[in-house]
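Trainee: Before I ask anything, here is the structure I am working with.
Quick look at the structure:
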């Protein structure tokens with residue numbers, strides 16, 4: 019293990035030392051990406067523009083399903099093969115690929131990371147080194163069907179606007195406006211911050227304060243008894259119902275907005291998740307990152323990083339926003355006009371209250387999430403009290419902390 023770490027440390031990336039002529043980009047680059055449909059078109063347009071600016075390069079892109087990228091890299095990297103640049107979520111398999119020596123770190127001294135939204139950098143920083151360039155993020159927000167709430171009478175003008183507080187969401191359901199929430203521990207994580215529950219401190223270290231989770235569980239349990247309030251584990255069911263106009267409100271993921279826009283047209287609206295006064299919702303921030311194959315040559319690495327910098331410059335990120343209508347930029351210098359891009363402005367504002375799970379803690383926290391999901395459903399089924407579930411989960415998290423310290 020120590021040898022692998024030392025070898026990786028010696029193989030840090032330098033952007034400033036290509037073997038090409040100064041100022042000239044040349045060579046080929048194989049890229050694996052998971053994009054399909056309109057998102058793939060947007061991504062490939064970005065590659066095409068980069069090639070137009072650099073006619074001496076050849077970019078070869080290959081679609082690889084999201085759940086196959088890490089396994090394919092692991093299989094091919096043993097023979098120094100695979101794409102030089104890959105796009106994947108910062109997720110559970112990433113630390114495994116780093117430890118196995120399949121991903122090379124990026125030298126912070128030669129690649130400017132200051133332009134990136136700080137929480138996304140915690141999702142690519144592992145044991146003090148950076149292992150990817152944040153490309154774009156996804157987050158949960160409140161989607162609603164404007165056509166359905168327009169039916170509110172003038173005597174109930176408050177119903178014509180999306181709810182800003184949790185209690186108002188319950189009231190909407192009681193008034194006949196259907197509400198859909200995906201009901202898992204991870205998908206309801208957004209409500210924890212409203213009740214002062216947290217998993218991480220300001221430095222990104224696990225520091226559980228889960229008493230508030232018990233209150234959030236009680237709120238969900240009560241909501242589940244209300245008419246027109248639908249909690250289900252299936253996002254597909256809720257997505258389809260909302261797209262068909264059967265739901266008024268739906269806590270959606272921003273990745274769904276493109277498809278929902280195609281179905282609901284201008285009736286689709288997006289609002290921040292309901293909160294309570296100064297206590298904001300804290301949805302999980304999911305970030306797709308561009309990672310480098312450790313087997314890539316110095317020239318391929320240089321070219322890959324030039325492409326990564328291009329794809330995350332403000333102009334390209336804004337282009338992605340305009341075309342996708344659901345893209346959360348990672349470059350914090352991107353400015354969004356609320357009048358021109360109202361949905362995207364909401365996404366960006368919601369991202370500011372999000373929780374980015376640090377890559378250093380990802381393996382342990384996902385194990386905790388699995389246990390949390392079991393406790394979550396025991397509470398909703400009436401087999402466990404909310405306070406006992408919070409106590410047990412706190413114990414599980416503390417055990418994880420103790421194991422790390424040994």
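Numbering (our numbering), first residue to last: 19 to 424.
Each residue gets a CB set at the ideal place from its N, CA and C atoms; glycine is no exception.
How many angstroms separate the CA atom of residue 344 from the CA atom of residue 312?
Mentor: Taking the chain shown and counting its residues from 1, one reaches residue 344 at position 326. Taking the chain shown and counting its residues from 1, one reaches residue 312 at position 294. So the two alpha carbons sit approximately 32 Å from each other.
Trainee: How many angstroms separate the CA atom of residue 361 from the CA atom of residue 297?
Mentor: Taking the first residue of the chain shown as position 1, residue 361 is located at position 343. Taking the first residue of the chain shown as position 1, residue 297 is located at position 279. One C-alpha to the other measures close to 22 Å.
Trainee: So, with DSSP's three-state summary, where would you put residue 308?
Mentor: For the purposes of this step, residue 308 is identified with residue 290 of the chain shown, where counting begins at 1. Three-state DSSP puts residue 308 in a strand.
Trainee: Using the C-alpha atoms, what's the distance from residue 156 back to residue 188?
Mentor: For the purposes of this step, residue 188 is taken as residue 170 along the chain shown, with counting starting at 1. For the purposes of this step, residue 156 is taken as residue 138 along the chain shown, with counting starting at 1. Residue 188 and residue 156: Cα-Cα distance of roughly 26 Å.
Trainee: Does the separation of the CB atoms of residue 348 and residue 134 fall below 7 Å?
Mentor: If you number the chain shown from 1, residue 348 lands on position 330. If you number the chain shown from 1, residue 134 lands on position 116. Contact flag set, yes.
Trainee: Quick one: using the 10 Å Cβ neighbour count with 16 as the cut-off for buried, is residue 283 buried or exposed?
Mentor: Position 265 of the chain shown, counted from the start, is the residue given in the question as residue 283. Label assigned to residue 283: exposed.
Trainee: Please check if any C-beta of chain B sits within less than 7 Å of the C-beta of residue 79.
Mentor: Among the protein chains of the structure shown there is no chain B, as only one such chain exists.
Trainee: So which of 315, 374 and 387 has the shortest CA-CA distance to residue 95?
Mentor: Stepping through the chain shown from its first residue, residue 95 is reached at position 77. Residue 95 has its Cα closest to that of 315, out of 315, 374 and 387.
Trainee: Apart from the five residues just before and just after residue 43, which ones in its own chain have a Cβ nearer than 7 Å to its Cβ?
Mentor: As a first step, residue 43 must be located in the chain shown, where it is residue number 25. Only 72, 74, 75, 321 and 324 meet the Cβ criterion.
Trainee: Evaluate the contact criterion for the segment 325-341 versus the segment 57-71: three or more CB pairs, one atom per stretch, below 8 Å.
Mentor: Counting Cβ pairs under 8 Å, three or more are found: they touch.
Trainee: Identify the continuous alpha helix (DSSP H) that holds residue 234 and give its terminal residues.
Mentor: Numbered from 1 along the chain shown, position 216 holds the residue referred to as residue 234. That run of the alpha helix (DSSP H) goes 229-241.
Trainee: Can the beta-carbon of residue 195 be found closer than 7 Å to that of residue 250?
Mentor: Start at 1 with the first residue of the chain shown, and residue 195 comes out as number 177. Start at 1 with the first residue of the chain shown, and residue 250 comes out as number 232. Contact flag unset, no.
Trainee: When DSSP builds the beta bridges, which residues end up paired with residue 347?
Mentor: Here residue 347 is taken as the residue at index 329 of the chain shown, counted from 1. Its beta-bridge partners are 154.
Trainee: Among 246, 306, 197 and 393, whose alpha-carbon lies nearest the alpha-carbon of residue 257?
Mentor: Here residue 257 is taken as the residue at index 239 of the chain shown, counted from 1. Selected option, being the one with the closest Cα: 197.
Trainee: Taking DSSP as the reference, what is the three-state secondary structure of residue 205?
Mentor: Taking the chain shown and counting its residues from 1, the one referred to as residue 205 is at position 187. DSSP places residue 205 in coil when its eight states are reduced to three.
Trainee: Closest to residue 415 by CA distance: which of 336, 354 and 228 is it?
Mentor: Residue mapping note: residue 415 aligns to position 397 of the chain shown, counting from 1. It is 228.
Trainee: Taking 6 Å as the limit between beta carbons, can you name the residues of its chain near residue 302, skipping five residues before and five after?
Mentor: For the purposes of this step, residue 302 is taken as residue 284 along the chain shown, with counting starting at 1. Result list for residue 302: 207 and 373, in chain order.
Trainee: Are residue 365 and residue 160 touching if we call contact CB-CB under 7 Å?
Mentor: Numbered from 1 along the chain shown, position 347 holds the residue referred to as residue 365. Numbered from 1 along the chain shown, position 142 holds the residue referred to as residue 160. Contact flag unset, no.
Trainee: Quick one: residues in its chain with C-beta nearer than 6 Å to the C-beta of residue 247, no 5 flanking neighbours on either side, listed in chain order?
Mentor: The sequence position of residue 247 within the chain shown is 229, counting from 1. Correct list, in chain order: 191, 197 and 241.
Trainee: Under DSSP, the beta strand (DSSP E) around residue 104 begins and ends at which residues?
Mentor: For this step, residue 104 is matched to residue 86 along the chain shown. Residues 103-107.
Trainee: Write down the C-beta distance between residue 87 and residue 106 rounded to the nearest angstrom, noting that I regard them as a contact closer than 8 Å.
Mentor: One-based indexing of the chain shown puts residue 87 at position 69. One-based indexing of the chain shown puts residue 106 at position 88. About 5 Å separates the two Cβ atoms, so the contact holds.
Trainee: Can you list, in chain order, the residues of its chain with a C-beta nearer than 7 Å to that of residue 272? Leave out the 5 residues immediately preceding and following it.
Mentor: Mapped onto the chain shown, residue 272 falls at position 254. The answer, listed in chain order, is 156, 157, 159, 344, 346 and 365.
Trainee: Run through DSSP, which three-state label would residue 421 get?
Mentor: The residue you call residue 421 lines up with position 403 of the chain shown. Here residue 421 sits in helix by DSSP.
Trainee: Do you know how far the Cα of residue 317 is from the Cα of residue 396?
Mentor: One-based indexing of the chain shown puts residue 396 at position 378. One-based indexing of the chain shown puts residue 317 at position 299. Their backbone Cα atoms lie some 54 Å apart in a straight line.
Trainee: Just verifying my parser: in three-state terms, what is the DSSP assignment at residue 215?
Mentor: For the purposes of this step, residue 215 is taken as the residue at position 197 of the chain shown. Reduced to three states, the DSSP call for residue 215 is coil.
Trainee: Assign residue 276 to one of three DSSP states: helix, strand, or coil.
Mentor: By 1-based counting over the chain shown, the position of residue 276 is 258. Reduced to three states, the DSSP call for residue 276 is helix.
Trainee: Look at the alpha carbon of residue 210 and the alpha carbon of residue 341, and state the distance between them as a whole number of angstroms.
Mentor: Taking the chain shown and counting its residues from 1, one reaches residue 210 at position 192. Taking the chain shown and counting its residues from 1, one reaches residue 341 at position 323. When rounded, the distance between both Cα atoms is 33 Å.
Trainee: Which value, in whole angstroms, describes the spacing of the CA atoms of residue 178 and residue 358?
Mentor: Looking up residue 178 in the chain shown gives position 160. Looking up residue 358 in the chain shown gives position 340. So the alpha carbons of these two residues sit roughly 22 Å apart.
Trainee: So residue 307 and residue 142 are in contact, right, with Cβ under 8 Å, and what is the actual spacing, rounded?
Mentor: Residue numbering aside, residue 307 sits at position 289 when the chain shown is read from its first letter. Residue numbering aside, residue 142 sits at position 124 when the chain shown is read from its first letter. Confirmed, Cβ separation roughly 5 Å.
Trainee: Report yes or no: do three or more beta-carbon pairs, one from the segment 115-122 and one from the segment 380-394, lie closer than 8 Å?
Mentor: Contact between the segment 115-122 and the segment 380-394 is absent, because fewer than three Cβ pairs lie under 8 Å.
Trainee: I believe residue 108 touches residue 305 by the beta-carbon criterion, under 8 Å. Please report the beta-carbon distance rounded to the nearest angstrom.
Mentor: For the purposes of this step, residue 108 is taken as residue 90 along the chain shown, with counting starting at 1. For the purposes of this step, residue 305 is taken as residue 287 along the chain shown, with counting starting at 1. Between residue 305 and residue 108 the Cβ distance is about 5 Å, and since that is below 8 Å, they are a contact.
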